[in-house]
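Enquirer:
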C-alpha cells in the first residue's frame with residue numbers, strides 16, 4: 001500500500017518525457033552463455049545503459065556478454081530468484097526509463113522502441129502483451145495459457161481492469177516511479193506485483209503487442225503450478241492491502257491504458 005505522503009510527491013499529471021531521456025535495460029542472467037550474445041547483438045542504440053544482473057553464473061555468460069558488449073554494467077544479484085535479480089537491477093539503473101527483459105532470447109530487443117514510445121507520450125508503465133493484435137507466443141503451453149487466463153480474470157475482476165496479459169516480463173516504466181512500486185517479490189511473481197502496484201499507485205498503463213519466442217537454448221526455471229500459486233497470492237494480497245478511500249478519486253483520474261496499442265513505424 002502507498003501512503004499519502006509518498007503519493008503526494010507523485011501526484012502531478014504525467015506529461016511524458018523529453019526525447020533525450022535516457023534508457024536503462026535490466027537483464028537478469030544465470031548461466032545464459034548460449035543465449036546472451038544473441039540478445040545483446042539485437043539491442044539498438046536507443047538503449048543507453050545495459051545492466052546484466054548476474055545470479056552467480058557458473059558458465060561463460062559474463063565472458064560472452066562482455067565480448068559482445070564491452071560497455072555493459074555487470075551487477076551481482078542480491079538474494080535468490082528473478083524478482084530479487086530485477087530489484088537489484090532497478091536500484092543500479094541510472095536511466096530516466098527502465099526496461100526489463102529476459103536473457104533467454106524469448107523476447108525481441110527490437111520491440112523496446114515501442115515501450116519507449118508510449119512512455120514518451122504520457123504513459124507511466126508499459127506492459128508487453130502476447131494476447132492483443134500484433135502479439136503472440138510460440139512458447140506458451142496450453143496449460144500455462146489456461147493458468148494465465150485464470151490469473152488474468154482474477155486480476156481484472158479485483159482491480160476493475162481490462163488488461164490482456166499478466167504473467168509476462170517484458171515491461172518498462174519511468175524510474176521516478178520506482179519508489180511507488182514498493183517491490184518485494186523474489187520470484188516470477190514480481191511481474192504481477194509490478195502491475196498490482198502500478199494500478200494501486202494510479203499509474204497510467206499501456207499494453208503493447210509482443211511476440212514471445214521459445215528460449216534459444218536451455219530450460220526455463222519457471223514452474224507453472226508453483227509460480228502460478230505465487231502470482232495468485234500476490235494478486236490477492238495486493239487487493240487486500242487496498243488503497244485509502246480518500247485517494248480513490250485522485251487515482252481514478254490518473255489510471256488508464258492505451259485505448260488501442262499501436263506499433264511505432
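Numbering (UniProt numbering), first residue to last: 1 to 265.
For each residue, glycine too, the CB sits at the ideal point set by N, CA and C.
A quick note: this is a predicted structure, and the numbers were derived from the prediction, not measured.
(1) So, is residue 20 buried or exposed, given that buried needs 16 or more other C-beta atoms within 10 angstroms?
(2) Use the C-beta contact count for residue 188: other C-beta atoms within 10 angstroms, 16 or more gives buried, fewer gives exposed.
(3) For residue 71, name the three-state secondary structure that DSSP assigns.
(4) Does the Cβ-Cβ distance between residue 51 and residue 95 come in under 7 Å?
(5) For the stretch 40 to 88, which segments carrying the alpha helix (DSSP H) assignment without a break, of at least 4 residues, lie completely within its bounds, in sequence order?
(6) For the stretch 104 to 191, which segments carrying the alpha helix (DSSP H) assignment without a break, of at least 4 residues, lie completely within its bounds, in sequence order?
(7) Straight-line CA distance for residue 138 to residue 153?
(8) Taking just the CA atoms, how far does residue 240 sit from residue 102?
(9) Report yes if the CB atom of residue 104 is closer than 7 Å to the CB atom of residue 204, and no otherwise.
(10) Considering only residues of the same chain and omitting the five flanking positions on each side of residue 36, which have a CB-CB separation below 7 Å?
(11) Only counting the same chain, and skipping five residues up and downstream in sequence, which positions put a Cβ closer than 7 Å to that of residue 227?
(12) From residue 42 to residue 141, what does the alpha carbon distance come to, in whole angstroms?
(13) For the candidate residues 177, 215, 217 and 208, whose alpha-carbon lies nearest to that of residue 202?
(14) Pairs of beta-carbons, one from the stretch 159 to 173 and one from the stretch 191 to 201, closer than 8 Å: are there three or more?
(15) Assuming the contact rule is C-beta atoms closer than 8 Å, residue 23 and residue 46 should be a hit. Round their C-beta distance to whole Å, please.
Expert: The structure says:
(1) Here residue 20 refers to the residue found at position 20 when the chain shown is read from its first residue. When all chains shown are included, residue 20 counts as exposed.
(2) Residue mapping note: residue 188 aligns to position 188 of the chain shown, counting from 1. With 16 or more other CB atoms across the displayed protein chains lying within 10 angstroms of its CB, residue 188 is buried.
(3) Your numbering for residue 71 matches position 71 in the chain shown. Of the three classes helix, strand and coil, the one that applies to residue 71 here is coil, per DSSP.
(4) On the chain shown, residue 51 is found 51 positions in, with the first residue counted as 1. On the chain shown, residue 95 is found 95 positions in, with the first residue counted as 1. A distance of 7 Å or more separates the beta carbons of residue 51 and residue 95.
(5) List check, alpha helix (DSSP H) in window: 61 to 68.
(6) 112 to 119, 142 to 159 and 178 to 181, all fully within the stretch 104 to 191.
(7) Counting from 1 along the chain shown, the entry for residue 138 is found at position 138. Counting from 1 along the chain shown, the entry for residue 153 is found at position 153. Roughly 22 Å between the two C-alpha positions.
(8) Counting from one through the chain shown, the residue named residue 102 turns up at place 102. Counting from one through the chain shown, the residue named residue 240 turns up at place 240. In a straight line, the C-alpha of residue 102 is about 30 Å away from that of residue 240.
(9) Mapped onto the chain shown, residue 104 falls at position 104. Mapped onto the chain shown, residue 204 falls at position 204. Contact flag unset, no.
(10) Stepping through the chain shown from its first residue, residue 36 is reached at position 36. Counting only Cβ-Cβ distances below 7 Å, and skipping sequence neighbours, we find 29, 61, 64, 65 and 103.
(11) Taking the chain shown and counting its residues from 1, the one referred to as residue 227 is at position 227. Same-chain partners within the cutoff: 187, 188 and 189.
(12) Here the question's residue 42 lines up with position 42 in the chain shown. Here the question's residue 141 lines up with position 141 in the chain shown. In this model, residue 42 and residue 141 are separated by some 26 Å (Cα to Cα).
(13) Counting from 1 along the chain shown, the entry for residue 202 is found at position 202. It is 177.
(14) Yes, they touch.
(15) To locate residue 23, count along the chain shown from 1; it is residue 23. To locate residue 46, count along the chain shown from 1; it is residue 46. At roughly 6 Å, the Cβ-Cβ gap stays under 8 Å, so residue 23 and residue 46 are in contact.
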